[in-house]
Amino acid sequence: MRFRLYPTLLSAFILVSSATVTQADGITGSVIDSSGNLVACRLYISNTESGEWFYATSLGGTAVTCEKQSRNPGSFEKHTALTAHRFKCELPAGKYTVRAERGKQYLPAETTVEVQQGRDVSVELQLRTFIVMQERGWYSGDGHIHQDINDVPTLIQAENVNVGLPLTYWVRDSSQIPANDGSIYRPRASWVDNSHLIYPVNTEYEIFSINGKPHTQGAVLVLNHRKPLTKPTPPARPIAEAAREQGALLDLEKHSWNWSLMIVPVMNVDLFELSNNHHWKTEFGLPQWTLENSPRDWPEIEINDAGFTEMGWTEFGLQTYYSLVNCGFRLRVTAGTAFGVHPVPLGHSRVYVHCADRFDFKNWIRNLNAGHSFVTNGPLLDVRFNGALPGAQWNRSTPENRLHITGTVAGLNPVKSVQIIRNGEIAAELDVQSVKQEDGTFRAELDTTVSVEGTGWVAVRCFEDLPRDKVSFAHTNPVYIDVPNAPLRPRKKRVQFFVQRMEEEIQRNTGILPEDAVDEFRYAKKVYEDILATARD
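Going by the numbering used here, the first residue of the sequence shown is number 22, and it counts up by one from there.
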């Protein structure tokens, strides 16, 4: 698969020249910003005829190569992340596409060059911002990174991800203890420059085996703890208790693991990855993953002969999130890529957190936990609800309340839909127009009002209009209105599915997990049964 390009977006300033050299053929080049300063970036180099990919090296800086190919031939990611230095790439004679990208706020830049024997080609590409989210108070993060921590500074600069959370501890068996890894990291943020930082003490429990025998449970991320965790799992509750003692946040990672619906009530999980590590820039490549754990009677979830469509996988996550929130679990939205494992650029799925006029890790992680956030794998949002940020909560005595929603959607592509989600259902499909800007990007303005009866919540989501059913979306954290004696009641069919999944997991795990771990599934089943008793049709 070659890149399909949108000509209106390739607003690059490109300078190509050649000179006789005695060294190997190839290109040397630089990527600059609109001020002419060198800028970090993600660089793609491919032969236009053979499709072969090549990887640049940095002249004076650092480079991190990503060469990932999934089992699906069309799902791959092959690039080099570069710091703000000149680069070089030795190439056989031929014609090449050279493309630079940087996160969500920059227009891509691309050119085609011809390398001839005995000549070296010089290339200059210019990346220009079409929006600066930091000026609006928004700072991005990737909460799921599996790359060597020494590479993370290069990566977050190249992708303009403001906060990197590498999972420096990662265990995959019930007998493993993170602290036994032997690594010790200082529990403080490390600044890469004045707008990019790394917090290094984070753990993933991703349990695929019980005492060495294959038996999947799932994953949970422990973010922002202070020292290595000293407990294995399952059971899950002791991990949650240890995390709370250290002021950490718990991230569900993905919604469809075997234990996901159990750990939400048992661990009191904080974060839900609405855009997760199966959302890729390349073709969707995991249609069968956890298909057996999905409901077959939720109409929003598209399934075909291959399994989930990309929209089906996305809606599975969204609908699970909405149903959990309706059950009273007010998880805050987040995002991550698992860069280092999957064929996806770091930060392709990212969470933007509003930090007002003070960006530091303490303020960022606090506001992530407060829900002052939106997630995206494409378009950019800046939305207010009655003038307040996502995550706001109001106590009201009136049975019906109104929310005035205003904001902007900006991106490289026009939006296909902008929807107001109220209590998990589409309350309004906004008739907004994506206005093409002089630089070829698109903007849409939001200004609408929605009513909420009783206790409820509202969020905004949007999808870009892309070919081949490619999914690119953004979603705000909900805002909440609480009204006494007017509770939010979830849909009965959704809660019945949660109860069913716990019954299935009790049966699957009995005799394999220790009894206290199976009891956690029984506890979660009882929680959902109690909720089901007051659910609506």
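Note that CB positions come from ideal geometry on N, CA and C, so glycine has one too.
- Secondary structure note for residue 195: it is in no beta strand (DSSP E), with a DSSP letter that is neither H nor E.
- By DSSP's assignment, residue 293 forms a beta bridge with 354.
- Residue 123 counts as buried, since no fewer than 16 other beta carbons sit within 10 angstroms of its beta carbon.
- Taking 8 Å as the cut-off, the Cβ atoms of residue 402 and residue 465 do not count as close.
- Counting only runs of 4 or more residues that sit fully inside the region 334-408, the alpha helix (DSSP H) segments are 382-391, in chain order.
- By the Cβ criterion, the region 369-378 is not in contact with the region 333-348, since fewer than three pairs of Cβ atoms, one from each stretch, lie closer than 8 Å.
- In the three-state DSSP reduction, residue 70 falls in the coil class, being neither helix nor strand.
- Taking a C-beta distance under 8 Å as the contact criterion, residue 338 and residue 295 qualify as a contact pair.
- Taken in chain order, the unbroken stretches of beta strand (DSSP E) that lie wholly in the region 465-506 and span 3 residues or more are 477-485, 494-497, 500-503.
- In the displayed model, residue 514 falls within a helix according to three-state DSSP.
- For the pair residue 160 and residue 209, the Cα-to-Cα distance works out to about 18 Å.
- Secondary structure note for residue 281: its alpha helix (DSSP H) is the uninterrupted segment 281-288.
- With a cutoff of 8 Å on beta-carbon distance, residue 108 and residue 47 are scored as not near each other.
- Residues 245 of the same chain have their beta carbon placed closer than 6 Å to that of residue 386, with the five preceding and five following residues left out of the count.
- In the same chain as residue 470, and ignoring 5 residues on each side of it, the C-beta atoms closer than 6 Å to its own belong to 423, 425, in chain order.
- In this structure, residue 318 lies away from residue 513, with their beta-carbon atoms at least 8 Å apart.
- Going by C-alpha positions, residue 174 is about 33 Å away from residue 351.
- Scanning its chain for C-beta atoms nearer than 8 Å, with the 5 sequence neighbours on each side dropped, one finds around residue 59 the residues 51, 52, 53, 105, 106, 107, in chain order.
- The C-alpha of residue 237 is placed about 14 Å away from the C-alpha of residue 282.
- For residue 253, the secondary structure class from DSSP, reduced to helix, strand or coil, is coil.
- Note that the region 376-393 touches the region 210-222; at least 3 beta-carbon pairs, one per stretch, sit closer than 8 Å.
- When Cβ pairs closer than 8 Å are counted between the two stretches, the region 87-97 is seen not to touch the region 137-147, the count staying below three.
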